[in-house]
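*Asks:* In order, the protein sequences belong to chains S and R.
The first sequence runs 1 to 649 under UniProt numbering.
The second sequence runs 1 to 649 under UniProt numbering.
2 protein chains.
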Amino acid sequence: MLGLAARRGLNPSQRLFLRPQSQPSRFSAPTTFRLYSTELPPKPKRSALQRAATVAKYTGYVGLSAAFGVFVLGAGFLVHDAFTYTERHVERVPLHPLALHPECGGPKNLPIAKVQVDDDEDEEMKKLAEKPRLVIVGGGWGAMGALQTLHPGDYHVTVIASETFTTFTPLLPSAAVGTVQVRSLIEPVRKIIARLRGHFVAGKAVDISMADKLVEVETIHTNGVKENIYIPYDHLIVAVGSTSSTHGVPGLEHCFQLKTIADAQQIRRRVMDNFEVASLPTTTPEERKRLLSFVICGGGPTGVETAAEIYDFCQEDIMNYFPKICRADVSIHVIQSREHILNTYSEAISKYAEDKFNRDGVNLVTNARVSAVTPTHVLYTTRDKDGKVEQHTIPTNFTLWSTGIAMNPFTRRLTNLLPNQVHKKAVEVDAYLRVKGAPPGEIYAIGDCATIETSVVSHFMELVDEADKDKNGKIDFEEWEIMVKRITKKIPMAEKHVSKVKELFELYDTDSDNSLSLNELVLLLEDLGNKITALPATAQVASQQGKYLGKKLNKLARQKASLQARGEPSNILDDANLRPFQYHHLGMLAYIGNAAVFDLGPWSFTGGLAAMYAWRSVYWNEQVSARTRALLMIDWIIRGVWGRDLSRL
Amino acid sequence: MLGLAARRGLNPSQRLFLRPQSQPSRFSAPTTFRLYSTELPPKPKRSALQRAATVAKYTGYVGLSAAFGVFVLGAGFLVHDAFTYTERHVERVPLHPLALHPECGGPKNLPIAKVQVDDDEDEEMKKLAEKPRLVIVGGGWGAMGALQTLHPGDYHVTVIASETFTTFTPLLPSAAVGTVQVRSLIEPVRKIIARLRGHFVAGKAVDISMADKLVEVETIHTNGVKENIYIPYDHLIVAVGSTSSTHGVPGLEHCFQLKTIADAQQIRRRVMDNFEVASLPTTTPEERKRLLSFVICGGGPTGVETAAEIYDFCQEDIMNYFPKICRADVSIHVIQSREHILNTYSEAISKYAEDKFNRDGVNLVTNARVSAVTPTHVLYTTRDKDGKVEQHTIPTNFTLWSTGIAMNPFTRRLTNLLPNQVHKKAVEVDAYLRVKGAPPGEIYAIGDCATIETSVVSHFMELVDEADKDKNGKIDFEEWEIMVKRITKKIPMAEKHVSKVKELFELYDTDSDNSLSLNELVLLLEDLGNKITALPATAQVASQQGKYLGKKLNKLARQKASLQARGEPSNILDDANLRPFQYHHLGMLAYIGNAAVFDLGPWSFTGGLAAMYAWRSVYWNEQVSARTRALLMIDWIIRGVWGRDLSRL
């Protein structure tokens with residue numbers, strides 16, 4: 001690329017030196033670039049001054065061309081910019097009477113928002129107000145996936161979220177030390193729903209009435225007063241994410257989490273605080289060491305990346321502007337319950353990351369359990385060779401808790417309302433992402449708050465009913481083949497485990513009577529269910545689920561419209577003609593401090609700076625908007641030129 | 001500019017078309033650009049295809065040159081960026097025993113930071129530790145002015161401030177609605193003092209012991225525990241700014257201020273909150289109007305710019321992404337106690353700004369006094385034609401208080417310690433910016449927290465003593481001329497008022513005895529003092545005062561060094577050889593919503609977008625670092641392309 005650009009880029013000036021009036025000059029390009037110049041006739045003599053003048057002139061021309069380009073670009077931008085300052089004035093805005101004074105109703109007799117304030121704003125909005133109401137609770141990866149794939153005009157879309165923006169969560173560890181700015185990771189939900197002309201309600205979903213199809217939303221006024229209202233839905237997508245699991249450890253209120261922008265801001269403030277207090281002339285050496293000890297509980301990608309970012313921050317910025325003792329006294333600890341950090345990645349990757357951390361002096365504590373967190377210490381236990389428990393203590397003023405997920409209050413409420421929801425950490429959904437037990441086609445759950453059922457045996461009766469054609473209470477091989485098809489339809493994740501149909505049948509046919517008794521079948525289905533691993537709680541899964549739902553709702557709207565046009569009943573269900581959700585694993589990556597690791601299924605890839613740039617470009621491509629893409633690029637450049645901002649803000 | 005660039009920029013291709021082999025072609029530039037081409041001989045015919053190919057080729061060359069330039073730049077940056085990720089490790093850091101365990105002392109027996117933790121870090125730091133201790137309290141315009149002009153190596157510099165960064169205050173109104181980001185307005189103090197190898201102490205000065213030359217600083221640990229320490233000084237610069245004056249109005253705790261980054265962040269959050277709550281489907285029309293009513297108390301530049309920025313935000317962003325009713329229901333009110341807004345500017349400027357605001361529908365209330373602020377209303381009074389007081393109420397959920405200044409606790413404490421400090425709003429300093437009553441050459445005060453004395457009569461005895469050579473208790477004209485010189489030396493701001501020496505003398509010599517009796521003199525000096533106006537509390541004044549002090553301290557250090565070299569006593573005072581502070585007014589400017597006004601003394605200038613761009617470039621030039629300059633430019637471009645960020649953060 002460089003060679004090509006140079007060869008072609010240099011050519012004009014070269015050719016110009018070799019015009020008929022002039023001799024081959026000392027200024028001509030090296031031999032390898034002579035390709036075209038040999039075609040020209042020999043040139044008369046020219047003085048060195050003339051030649052220099054020519055060089056200067058054409059160098060000037062090229063420079064001026066470039067400057068002219070930049071100037072035109074700048075001027076063009078200024079013209080554009082000037083037109084963004086508008087003097088438009090607003091006409092009278094038509095408002096539906098119900099938008100001014102909503103009726104009360106529902107189980108708790110709260111105001112029901114049947115009409116939004118902008119539903120009567122123009123003709124397009126009026127038409128949309130008659131479409132089925134699609135309500136999305138949450139503004140994370142799942143919600144964005146759905147919002148980005150939905151077609152405008154099919155649904156009256158309302159997004160309910162307590163944060164008014166969506167966050168690019170994978171870069172939160174970077175934002176926590178200021179490698180990138182928090183505002184570069186967020187995009188206002190209102191800008192994303194503008195394409196669908198959707199509505200946004202700033203609030204927290206707290207309850208649901210499935211009979212009345214109402215979501216109860218808690219809104220908070222600026223004076224702190226809370227007011228609950230109902231938002232009616234025809235389709236509801238629950239995408240509220242999760243909270244951190246406490247694992248029963250006491251003192252987690254003294255820990256930081258890293259799930260939201262507010263978390264990243266708090267961490268950044270605390271990190272700066274620690275360094276500032278450590279620099280005070282009266283801080284004791286012990287206290288300084290405690291202030292500069294950073295403990296991360298959890299060796300998954302978030303924990304590892306946060307440790308790496310804190311290390312980078314110390315190396316690249318603290319070193320230059322704080323007393324050197326502040327750099328010397330820093331210690332970073334990662335406490336992991338498993339044998340390796342990044343244990344969901346391939347072994348080579350774990351090894352590479354551990355080697356890197358060991359080289360950097362990051363203290364890795366594996367096979368350890370955090371037993372308590374206090375405001376000044378983290379306590380953990382390990383087992384020695386004989387299995388005896390040993391107690392350890394790390395003095396610290398910064399503890400990050402980044403391990404495990406748990407249900408948030410809304411999903412807990414939802415599962416409590418449904419008798420067949422038994423999963424402890426998430427809402428169970430079927431292969432079509434419909435909440436199990438809820439009226440079909442009305443409530444979906446996606447992302448961290450949802451888990452696709454993996455238990456095959458819970459469908460036992462149904463499967464036997466469908467497959468046992470001769471009703472003899474036994475499943476012969478032909479019937480088993482039918483049953484396998486049903487299983488893979490219901491639980492697509494089981495597919496690879498039932499692919500060897502014949503072998504599985506023979507393995508569990510213990511009495512070799514060429515049929516499975518119901519007892520044999522139960523055992524088979526139970527073992528099968530245990531083999532299926534639930535999808536991880538990652539951005540990738542949430543995003544794919546959101547996109548799946550968006551596309552499905554588009555198809556449903558089209559199918560219903562064509563049925564209605566033919567005058568047929570249009571209440572079709574989404575498992576009739578549509579495929580279940582299927583997850584495509586695109587790989588995992590993690591930043592480990594001026595180096596990065598990639599686990600792409602069959603291939604894995606580890607490396608230093610080059611891998612880091614690759615890691616950045618993957619995330620750069622995944623941005624939800626061109627704006628955040630530009631902001632991120634700028635942040636990385638700014639860091640390269642001036643380092644991170646050291647302000648405690 | 002455009003014409004020139006075009007003419008010169010286009011020339012290479014033009015010339016190339018007109019080579020000896022070719023005819024004057026249809027592709028050649030217009031006649032006005034033919035200047036050089038006529039010098040060339042006529043050219044043989046060429047086919048259109050040949051010509052097109054040539055055009056394409058050279059266009060390509062220019063494009064490639066530019067692309068190559070960008071590529072080289074990008075590659076160069078990547079190489080630079082790659083080298084910013086260092087693997088340096090820290091050696092053992094030498095530490096002075098006193099830095100580990102500071103001695104206690106002073107009137108309150110607190111730890112005294114005689115040695116900073118980095119004083120023994122290297123040879124340069126060790127040398128600096130023996131220099132006079134210059135302590136600067138505050139991190140605003142005044143402090144920056146001093147830090148930027150000080151020479152490295154002359155002083156052991158320590159900056160004490162509760163914020164770890166300096167703020168570009170004039171753009172706070174822009175940051176309050178997200179036109180620029182708050183991080184684009186701040187620069188870490190540590191980066192600024194790095195040039196001087198200075199020290200930074202994050203804390204708040206609360207008391208002073210002038211006898212022991214100790215400043216008492218309150219530091220706050222991350223758990224909220226406060227610890228007070230002493231920082232010793234040889235020279236102290238007080239540059240702590242001011243707080244807002246309450247003018248005795250009740251309920252100011254319900255108001256926002258706009259003096260710090262935190263203020264701007266709070267305002268931005270409230271503005272977004274108001275729009276989000278106003279968009280909720282259950283907000284009543286009256287409540288919506290109240291939420292969208294923005295009241296600004298004070299018609300100075302800060303108030304006017306904030307009103308303008310809020311107006312812009314509504315026009316350019318709210319309009320596009322919020323229900324239209326939210327734009328229609330917005331009202332912006334500016335309450336000003338004087339007859340005009342921007343009353344310190346020229347009349348034409350006030351008029352222009354008022355016309356602009358009236359056109360935009362901003363409600364200007366002049367000659368009004370705010371009588372109370374409640375959480376939901378602002379109450380104010382006006383007088384009707386007969387002078388009768390009328391009461392008014394504006395329902396609102398956002399009130400900005402931006403009028404007047406008052407002393408903050410540290411300056412109040414300082415003035416309480418000095419018997420001759422009687423000014424109510426600021427620390428009085430002499431013409432050399434030395435705090436009046438403090439040991440000379442030890443304590444300076446600059447910026448909003450200081451005011452240069454304007455009272456001539458307070459020097460009465462001293463002036464008479466010096467001027468009355470014949471000690472007859474009368475001042476004749478010759479003696480008056482001496483006195484005028486003394487006056488202009490003591491109070492340079494009096495200069496223009498005593499320039500007509502003879503006339504003044506005759507005017508006050510009421511008994512025409514060609515001499516001023518002491519009674520006549522007192523009257524003259526009192527009237528003179530009243531004519532002098534104090535310097536305004538602006539960034540410009542603070543910055544110039546800081547720079548003056550920086551330069552003065554440089555000179556003092558040089559003079560002392562040369563005296564010491566000659567073995568002479570080096571305790572010289574700064575009014576001996578150095579000039580007093582003189583303020584050079586560079587003009588004022590203000591942004592009034594897609595328009596700007598400039599008051600440059602004799603000239604004033606008002607205008608629309610062009611003036612706005614000029615306003616931006618003035619502020620852009622005044623930035624404290626290239627980093628914030630780049631960030632600001634980027635913010636303006638980002639706003640132009642994607643609008644403001646609507647996230648409530």
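Every residue, glycine too, gets a C-beta built ideally from N, C-alpha and C.
In chain order, what residues of the same chain lie with their CB nearer than 7 Å to the CB of Thr32(S), ignoring the 5 residues before and after it?
*Replies:* A caution first: Thr32(S) carries a pLDDT of 35, below 50, which makes its placement in the model unreliable, though a value can still be read off. Excluding residues within five positions, none has a Cβ falling inside 7 Å.
*Asks:* Do you know whose CA, among Val277(S), Thr179(S), Ser242(S), Leu171(S), lies nearest Asn223(R)'s CA?
*Replies:* Val277(S)
*Asks:* When the Cα of Lys324(S) is compared with those of Arg288(S), Arg359(S), Asn343(S), which residue comes out closest?
*Replies:* Arg288(S)
*Asks:* If you drop the 5 nearest sequence neighbours on each side, which residues of the same chain put their C-beta closer than 8 Å to that of Ala624(S)?
*Replies:* Reading the sequence as shown, one finds Val at residue 624(S) and not Ala. Hits under 8 Å: Met144, Gln148, Thr166, Phe168, Glu187, Ile192.
*Asks:* Starting from Lys204(R), follow the beta strand (DSSP E) in both directions and report where the run begins and ends.
*Replies:* Segment 204–209, the beta strand (DSSP E) holding Lys204(R).
*Asks:* Going by other Cβ atoms of all chains shown within 10 Å of its Cβ, with 16 needed for buried, is Val79(R) buried or exposed?
*Replies:* exposed
*Asks:* With the cut-off set at 9 Å, would you say Pro580(R) and Lys490(R) are in Cβ contact?
*Replies:* yes
*Asks:* Which first and last residues belong to the alpha helix (DSSP H) in which Thr302(R) is found?
*Replies:* 301–313
*Asks:* Following a CB-centred definition, is Val484(S) positioned closer than 8 Å to any heavy atom of the ligand ZN?
*Replies:* The ligand content of the structure shown is nil, which means the ligand ZN is not present either.
*Asks:* What does the Cβ neighbour count give for Lys547(S), buried or exposed, with the cut at 16 atoms within 10 Å?
*Replies:* buried
*Asks:* Count the C-beta pairs between the region 360–370 of chain S and the region 599–610 of chain S that are closer than 8 Å, then say yes if the count reaches three, no if not.
*Replies:* Verdict: no, contact absent.
*Asks:* Run through DSSP, which three-state label would Gly643(R) get?
*Replies:* The answer is coil: DSSP assigns Gly643(R) none of H, G, I, E or B.
*Asks:* Return helix, strand or coil for Gly105(R), following the three-state DSSP convention.
*Replies:* strand
*Asks:* With DSSP run on the structure shown, which of helix, strand or coil describes Phe605(S)?
*Replies:* strand
*Asks:* Express the C-alpha separation of Ser184(S) and Leu631(S) in angstroms, rounding to a whole number.
*Replies:* 5 Å
*Asks:* Any contact between the region 149–166 of chain S and the region 198–217 of chain S? By contact I mean 3 or more CB pairs, one from each, below 8 Å.
*Replies:* yes
*Asks:* In angstroms, rounded to a whole number, what distance separates the CA positions of Ala348(S) and Ile446(S)?
*Replies:* For Ala348(S) and Ile446(S), the distance between alpha carbons rounds to 32 Å.
*Asks:* Given a cut-off of 9 Å on the beta-carbon distance, is the pair Ile637(R) and Phe77(S) in contact?
*Replies:* yes
*Asks:* In the DSSP assignment, what are the bridge partners of Asp599(S)?
*Replies:* Met588(S), Ser604(S)
*Asks:* In whole angstroms, what is the alpha-carbon distance linking Ile634(S) and Glu305(R)?
*Replies:* 28 Å
*Asks:* Contact criterion: CB-CB distance below 9 Å. Does Tyr85(R) meet it with respect to chain S?
*Replies:* yes
*Asks:* When you check each C-beta in the region 587–611 of chain R against every C-beta of chain S, which residues fall closer than 7 Å?
*Replies:* Taking 7 Å as the Cβ-Cβ cut-off against chain S, the residues of the region 587–611 of chain R that qualify are Asn594, Leu609.
*Asks:* DSSP state of Asp212(S), grouped into three classes?
*Replies:* Three-state DSSP puts Asp212(S) in coil, outside helix and strand.
*Asks:* Could you pull the DSSP bridge partners for Ser293(S) from this structure?
*Replies:* Ser331(S)
*Asks:* Taking the C-alpha atoms as reference points, what is the distance between Ala308(R) and Tyr591(R)?
*Replies:* Between Ala308(R) and Tyr591(R), the C-alpha separation is close to 7 Å.
*Asks:* Using the three-state DSSP reduction, which class does Tyr58(R) fall into: helix, strand or coil?
*Replies:* helix
*Asks:* Report yes if the CB atom of Gly138(R) is closer than 9 Å to the CB atom of Gln545(R), and no otherwise.
*Replies:* no
*Asks:* List in chain order: all unbroken alpha helix (DSSP H) runs of 4+ residues lying wholly within the region 220–256 of chain R.
*Replies:* none
*Asks:* Residues of the region 625–649 of chain R with a CB closer than 9 Å to any CB of chain S: list them in chain order, please.
*Replies:* Residues Ser625, Ala626, Arg627, Ala630, Leu631, Ile634, Trp636, Ile637, Ile638, Arg639, Gly640, Val641, Trp642, Gly643, Asp645, Leu646, Ser647, Arg648, Leu649.
*Asks:* Whose C-alpha, out of Ile229(R), Ile532(R), Thr399(R), is nearest the C-alpha of Pro107(R)?
*Replies:* Ile229(R)
*Asks:* Apart from the five residues on each side of it in sequence, which residues of its chain come closer than 7 Å, Cβ to Cβ, to Lys555(R)?
*Replies:* Excluding residues within five positions, the ones whose Cβ falls inside 7 Å are Leu578.
*Asks:* As a quick exercise: from His247(S), Phe398(S), His333(S), pick the residue whose alpha carbon is nearest that of His392(S).
*Replies:* His333(S)
*Asks:* Can you tell me which residues form a DSSP beta bridge with Thr451(S)?
*Replies:* Glu428(S)
*Asks:* So Glu390(S) and Thr396(S) are in contact, right, with Cβ under 8 Å, and what is the actual spacing, rounded?
*Replies:* Their Cβ separation, rounded to whole angstroms, is 19 Å, which puts Glu390(S) and Thr396(S) out of contact at 8 Å.
*Asks:* Could you give the DSSP three-state label for Glu390(S): helix, strand or coil?
*Replies:* strand
*Asks:* Determine the direct distance from the alpha carbon of Lys259(R) to that of Ala561(R), and round the result to whole angstroms.
*Replies:* 40 Å
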